[in-house]
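Enquirer: Here it is: the structure, laid out below.
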Amino acid sequence: MNPCTSTVFARARDEGRAVLIGYLPAGFPTIDHSIELIRSMLEGGVDLVEVGLPYSDPLMDGPAIQQAVETALAAGVTTSDVLRVVHEAEPSESQAVVVMSYWNPIERYGQRRFAEDLRTAGGSGVITPDLIPEEATDWIDATNAVGVDRTFLVAPSSTDARIDRVTRACTGFIYAASTMGVTGARTQVSSAAPVLVERVRALSDAPIGVGLGVSSAQQAADIARYADGVIVGSAFVRRILDAPNVDAAKESVREFAAELAVGVRTRA
Amino acid sequence: MTAIEESTGHFGPYGGRFVPEALMAALDELEAAFDAALTDPLFARELAELERDYTGRPSPLTRARRFEEHCGGARVYLKREDLNHTGSHKINNVLGQALLTKRMGKSRIIAETGAGQHGVASATAAALMGLECVVYMGLEDTRRQALNVARMELLGATVVPVESGSQTLKDAINEAMRDWVTNVDHTHYLLGTVTGPSPFPRMVRHFHSVIGTESRAQILQVEGRLPDAVVACVGGGSNAMGLFSGFIDDPQVALMGYEAGGEGVETGRHAARFAMGVPGVLHGARTYVMQDEWGQTVPSHSISAGLDYPGVGPEHAWLHDTGRAVYEPVTDAQAMEAFALMSRTEGIIPAIETAHALAGTMRLGSELGPDAVIVVNLSGRGDKDVVTAARWFGMDTGE
């Protein structure tokens, strides 16, 4: 039995460091290779893997993830395949796997069924970037019943009232979008991120992961000073896109995860 | 049956807001600005003046005496939105939202476009009101509609070809949403139809409700009674919602929407959301969506770029489920037959989108019989479609 996401955060807190969260879409470049790449991430030191569920209309994603997801969908990846990737990720006892998905594929699969099948596959939570708590009544019931963590997002533009509403609806951790924009590696993480984290802290004790734009160990260290988790997505995908072959991609992903793992322990 | 709860942006189970949290503040701001404008006589006057002096409203209601001979003898009236400035109903919504943009203190609008009609209307309003304008258009559509790309650029807009996904309207919307979430502090997303997250569906309907209000008064004046049916084509569904809104509380008036049956719904190459789609979430709202068993959006197909969209406005989904409105597919071939007939019997070349409503009128007229009165929304003119039509009918296009 893998730990729930809050256990992963609690352990990191005890160790005086931030959690490293890494994203990769299932089925990119193939289903089996995505399993191997996720294992490389875990070997490199990612604590929490976000397995992306490829969707035809990824309106929160920038070019790198769009390209990866189009590749996965063109090869025919399905929701069942995504659950298989979760099942075969093989995290250690201190690591956990969650799914990141736009809403429609979950609704189509069946909300309760998705939560149950994810739990069976060993997944511990779901991040839904285009679902707000107001539209999530059935999802909250389903995830509560099954015992799967659910993460909604807060953004720099969120009012305090909305931050309060969103954080109350989250279990596991809160996803703080560091900047106004889509996914994609940036050389600088917005100055809005520490302000947002501070505002969330004032309203909630839940752990906070910061994502959007993190691309280096130095950035990870910067964020680890004030956040509980550092989320890296596009920068991993970019490494795979730039690698000459899958073996090189696995090595590159493992190395990058190891660098970032040092970063979240440095808190520079 | 759940009532329409417009305060939360829902039409029964449809509508709502399925968007990144980052957009919630902008949607709340827009909703507040719209609701304030609704009760502000100054806004109403400003918009009414633009409609009269710039758009050329009210648009006429024209009896189609020769066309109606092919409609089972029903008396058919055309609501002439094709005579609006820029050639379609799209300008109604664009002027309203552009005024709101200025009220919100924003300096830049972005828009999506398929055939280019909404893009041209947006570029027009931006020029009129001194706003920066960026239009997202699928790469495939920029090739099919090169003339409209040139029109937008002449009007001072920047047209961005979208190369992601299927390179059509749905991908242009994705790209516009990405721009909006990045630039939301000074940018308004001028969405072109009654889809998207709340408040867009009810706001866009409101700005087009002038079509229904005028039509109702005009038909009462000439016929002394309400029509038996009002008819419109339905892509996203804005021209239909505008017309329907004038008659929705008159239960004796049938509301008929015609969606794109493409090469036939049995071929899979169509945009018949009600015939073949199932409820789901697309572009910020729950509605009928053409999707596969895994919830992935399935590309639509239609000879008409304006109807070539895999989703539909959420209020239409609700009107469909409640039975208040009826939606039927019309194939490319049926639409083109009506296109030719309207051109040759009335001297009006309709948009191919509109031709779907005309084909529906021919079918409906035969069912209703000679005493029936039908109002059909002639939602746009067909200048933009001349090359497509010439190819369809095997004419020499000089290519």
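Protein chains in written order, with the numbering used here: chain Z, 1 to 268; chain F, 1001 to 1399.
Built from N, CA and C at the ideal position, the CB exists for glycine as well.
1. Taking Y23 (chain Z) and G263 (chain Z) to be in contact with their CB atoms under 8 angstroms, please state how far apart those CB atoms are, rounded to whole angstroms.
2. H1301 (chain F): buried (16+ other C-beta within 10 angstroms of its C-beta) or exposed?
3. What residues of chain F sit near P207 (chain Z), judged by a beta carbon separation below 7 angstroms?
4. Could you spell out where the alpha helix (DSSP H) holding L1038 (chain F) opens and where it closes?
5. Nearest to A1125 (chain F) by CA position, among F:H1186, F:L1027, F:T1055, is which residue?
6. Are L1190 (chain F) and A1111 (chain F) touching if we call contact CB-CB under 7 angstroms?
7. Rounded to a whole number of angstroms, what is the C-alpha to C-alpha distance between L1030 (chain F) and G110 (chain Z)?
8. Does any CB atom of chain F fall closer than 7 angstroms to the CB of R298 (chain Z)?
9. N1093 (chain F) and H1208 (chain F): beta carbons closer than 7 angstroms?
10. Under 7 angstroms Cβ to Cβ from I163 (chain Z), same chain only, skipping five residues before and after it: list those, please.
11. Figure out for me which residue from Z:A142, Z:T183, Z:V210, Z:E50 has the closest Cα to the Cα of Q95 (chain Z).
12. Let me know the secondary structure DSSP gives Q1097 (chain F) once reduced to three states.
13. Between the segment 90–117 of chain Z and chain F, which residues of the former have a C-beta closer than 8 angstroms to a C-beta of the latter?
14. Helix, strand or coil for E15 (chain Z), going by three-state DSSP, please let me know.
15. Under 7 angstroms between C-beta atoms, does Q1167 (chain F) make it to chain Z?
16. Let me check one thing: in DSSP terms, what residues is D149 (chain Z) bridge-paired to?
17. Mind pulling the chain F residues with CB within less than 7 angstroms of L59 (chain Z)?
18. For chain F, is any of its Cβ atoms less than 7 angstroms away from the one on Q66 (chain Z)?
19. Assign N144 (chain Z) to one of two classes, buried (16 or more other C-beta atoms within 10 Å of its C-beta) or exposed (fewer than that).
20. Determine whether the Cβ of D130 (chain Z) lies closer than 7 angstroms to any Cβ atom of chain F.
21. For E1112 (chain F), write down the residues that DSSP places opposite it in a beta bridge.
22. Hey, is the segment 134–142 of chain Z in contact with the segment 1272–1280 of chain F, meaning 3+ C-beta pairs nearer than 8 angstroms?
23. Looking at the C-beta of L153 (chain Z), does it have a partner C-beta in chain F at a distance below 7 angstroms?
24. Does E1051 (chain F) have its Cβ less than 7 angstroms from a Cβ in chain C?
25. Thinking R986 (chain F) and V1120 (chain F) are a contact (beta carbons under 8 angstroms), I'd like their distance in whole angstroms, please.
26. Can you find a CB in chain Z that lies within less than 7 angstroms of the CB of E1223 (chain F)?
27. For the segment 1090–1109 of chain F and the segment 1357–1370 of chain F, state whether three or more C-beta atom pairs, one from each stretch, are separated by less than 8 angstroms.
28. Return the first residue and the last residue of the alpha helix (DSSP H) that Y109 (chain Z) is part of.
29. Name the chain Z residues that come within less than 7 angstroms of S1164 (chain F), Cβ to Cβ?
30. Say whether chain Z places a C-beta atom closer than 7 angstroms to the C-beta of V1281 (chain F).
31. Starting from the Cα of S215 (chain Z), find the closest Cα among Z:R186, Z:I106, Z:T128 and give me that residue.
32. Can you give me the Cβ contacts of F1393 (chain F) inside the same chain, cut-off strictly under 6 angstroms, excluding the 5 residues immediately before and after it?
33. Taking a Cβ distance cut-off of 9 angstroms, strictly less, list which residues of the segment 1017–1046 of chain F are near chain Z, in chain order.
34. In the DSSP assignment, what residue or residues form a beta bridge with M100 (chain Z)?
35. Within its chain, find whatever has a CB closer than 7 angstroms to the CB of S1343 (chain F); leave out the 5 residues flanking it on each side and keep chain order.
36. For the beta strand (DSSP E) containing M1256 (chain F), list its first residue and its last residue.
Expert: Based on what the coordinates show:
1. Here residue 23 (chain Z) refers to the residue found at position 23 of the first sequence. Here residue 263 (chain Z) refers to the residue found at position 263 of the first sequence. Actually they are not in contact, since the Cβ atoms of Y23 (chain Z) and G263 (chain Z) sit about 16 angstroms apart, beyond 8 angstroms.
2. Position 301 of the second sequence holds residue 1301 (chain F). Label assigned to H1301 (chain F): buried.
3. Translated into positions along the first sequence, residue 207 (chain Z) becomes position 207. Result: empty, since nearest Cβ-Cβ is about 18 angstroms, beyond 7 angstroms.
4. Position 38 of the second sequence, counted from the start, is the residue given in the question as residue 1038 (chain F). That run of the alpha helix (DSSP H) goes 1024–1038.
5. In the second sequence, the residue the question calls residue 1125 (chain F) occupies position 125. Of F:H1186, F:L1027, F:T1055, the residue nearest in Cα terms is F:T1055.
6. Here residue 1190 (chain F) corresponds to residue number 190 of the second sequence, with the count starting at 1. Here residue 1111 (chain F) corresponds to residue number 111 of the second sequence, with the count starting at 1. Going by C-beta atoms, L1190 (chain F) is nearer than 7 angstroms to A1111 (chain F).
7. If you number the second sequence from 1, residue 1030 (chain F) lands on position 30. If you number the first sequence from 1, residue 110 (chain Z) lands on position 110. Spanning the two alpha carbons is a distance of roughly 33 angstroms.
8. Given that chain Z is displayed from residue 1 to residue 268, the structure contains no residue 298 (chain Z) and the question cannot be resolved.
9. Position 93 of the second sequence, counted from the first residue, corresponds to residue 1093 (chain F). Position 208 of the second sequence, counted from the first residue, corresponds to residue 1208 (chain F). For N1093 (chain F) and H1208 (chain F), yes; Cβs fall inside 7 angstroms.
10. In the first sequence, counting from the first residue as 1, residue 163 (chain Z) sits at position 163. These residues qualify, in order along the chain: V154, R199, V200, L203.
11. Within the first sequence, numbered from 1, the residue matching residue 95 (chain Z) stands at position 95. Among Z:A142, Z:T183, Z:V210, Z:E50, the Cα nearest to that of Q95 (chain Z) is on Z:E50.
12. Translated into the one-based positions of the second sequence, residue 1097 (chain F) becomes position 97. Three-state DSSP puts Q1097 (chain F) in a helix.
13. Residues W103, N104, P105, I106, E107, R108, Y109.
14. Translated into positions along the first sequence, residue 15 (chain Z) becomes position 15. Coil.
15. Reading the second sequence from its first residue, position 167 is the one you call residue 1167 (chain F). No - not a single Cβ of chain Z is within 7 angstroms of the one on Q1167 (chain F).
16. Indexing the first sequence from 1 puts residue 149 (chain Z) at position 149. DSSP lists Z:G125 as partners of D149 (chain Z).
17. The residue given as residue 59 (chain Z) occupies position 59 in the first sequence. Correct list: N1174, M1177, R1178.
18. Here residue 66 (chain Z) refers to the residue found at position 66 of the first sequence. Output row for Q66 (chain Z): interface = yes.
19. Your numbering for residue 144 (chain Z) matches position 144 in the first sequence. The residue in question, N144 (chain Z), is exposed, as its Cβ has fewer than 16 Cβ neighbours within 10 Å.
20. The residue labelled residue 130 (chain Z) in the question sits at position 130 within the first sequence. For D130 (chain Z), the answer is yes, since a Cβ of chain F falls inside 7 angstroms of its Cβ.
21. Here residue 1112 (chain F) corresponds to residue number 112 of the second sequence, with the count starting at 1. F:Y1136.
22. no
23. For the purposes of this step, residue 153 (chain Z) is identified with residue 153 of the first sequence, where counting begins at 1. At least one chain F Cβ lies under 7 angstroms of L153 (chain Z).
24. Among the chains of the structure shown, chain C does not appear; the protein chains present are Z and F.
25. Missing from the structure shown is residue 986 (chain F); chain F here goes from 1001 to 1399 and no further.
26. Here residue 1223 (chain F) refers to the residue found at position 223 when the second sequence is read from its first residue. With 7 angstroms as the cut-off, E1223 (chain F) does not count as an interface residue toward chain Z.
27. no
28. As a first step, residue 109 (chain Z) is located in the first sequence; it is residue number 109 there, counting from the start. First-last of the alpha helix (DSSP H) with Y109 (chain Z): 103–109.
29. Taking the second sequence and counting its residues from 1, the one referred to as residue 1164 (chain F) is at position 164. Ordered by position in chain Z, the residues that pass the 7 angstroms Cβ test against S1164 (chain F) are Q66.
30. Within the second sequence, the letter at position 281 stands for residue 1281 (chain F). Judged by the 7 angstroms Cβ criterion, V1281 (chain F) is in contact with chain Z.
31. Mapped onto the first sequence, residue 215 (chain Z) falls at position 215. That would be Z:R186, whose Cα lies nearest to the Cα of S215 (chain Z).
32. Stepping through the second sequence from its first residue, residue 1393 (chain F) is reached at position 393. None.
33. Those would be R1017, F1018, V1019, P1020, E1021, A1022, L1023, M1024, A1025, A1026, D1028, in chain order.
34. One-based indexing of the first sequence puts residue 100 (chain Z) at position 100. DSSP output for M100 (chain Z) lists Z:G52, Z:I127 as bridge partner(s).
35. As a working note, residue 1343 (chain F) is residue 343 in the second sequence. Cβ within range, chain order: I1349.
36. Residue mapping note: residue 1256 (chain F) aligns to position 256 of the second sequence, counting from 1. Looking at the DSSP string, the run of the beta strand (DSSP E) that includes M1256 (chain F) is 1254–1262.
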